[in-house]
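Just so we're aligned, residue 321 is where the sequence shown starts under my numbering, counting upward by one. Virtual Cβ for every residue (Gly too), placed ideally from N, Cα, C. Fair warning: this is a prediction, and the values are worked out from it, not measured in the lab.
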Amino acid sequence: MKKYILVLAIVLVGAFLLVGCGGSDDIYGTWLRDSDSETTYTFNEDGTGAFDIGFAVLDFDWTASSGTLSIANEEQNVTDSLDYSVDGDTLTLTNAAGESETYTRVE
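Quick look at the structure:
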């Protein structure tokens, strides 16, 4: 019985650790905004990225943890924090005002 409880405890701790680690690797790639055909976000594995609005590109550094995406561009003195979720090839970004935009993975 003690062995069963120990194995169960290890499995539960492992499951919580995996959920806690679920993070930024699901956001890597390029995402096209659903409401237009020009705006993209690109998130690179090294923590850099780009926001492309068709006629201008803003490079940034990013981190993602526990459903929060932080973006910073020191050159433009821009920082932003967004809630995010990924469901398959759909990225949803939600700002502090509760406004959401969806993006579809293209790469």
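{"Query": "Range covered by the beta strand (DSSP E) that runs through D366", "Result": "Counting along the chain, D366 falls outside any beta strand (DSSP E), and DSSP gives it neither H nor E."}
{"Query": "Residues near G349 in its chain [Cβ-Cβ closer than 6 Å; skip 5 each side]", "Result": "R425 and E427"}
{"Query": "Contacts around Q396, its chain only, beta-carbon distance under 8 Å, and the 5 residues preceding and following it disregarded", "Result": "L378"}
{"Query": "Where S400 falls: helix, strand or coil (DSSP)", "Result": "Note that residue 400 corresponds to Asp in the displayed sequence, not to Ser. Note: D400 maps to strand in three-state DSSP."}
{"Query": "Bounding residues of the beta strand (DSSP E) (the contiguous stretch that carries D356)", "Result": "Premise fails: D356 is in no beta strand (DSSP E) and is neither H nor E."}
{"Query": "E421 versus D366: straight-line alpha-carbon distance, rounded", "Result": "24 Å"}
{"Query": "Nearest-angstrom Cα separation, counted from N415 out to S401", "Result": "7 Å"}
{"Query": "Counterpart residues of Y423 in DSSP-defined beta bridges", "Result": "R353 and L411"}
{"Query": "Check whether T359 and R353 have beta carbons under 8 Å apart", "Result": "yes"}
{"Query": "Spatial distance of G342 from S386 (CA atoms)", "Result": "Confidence at G342 is low in this model, with a pLDDT of 42, below 50, so the placement of that residue should be treated as unreliable; the coordinate-derived value is given next. The straight-line gap from Cα to Cα measures roughly 8 Å."}
{"Query": "Local Cβ density within 10 Å of G374, reported as buried at 16 or more and exposed below that", "Result": "exposed"}
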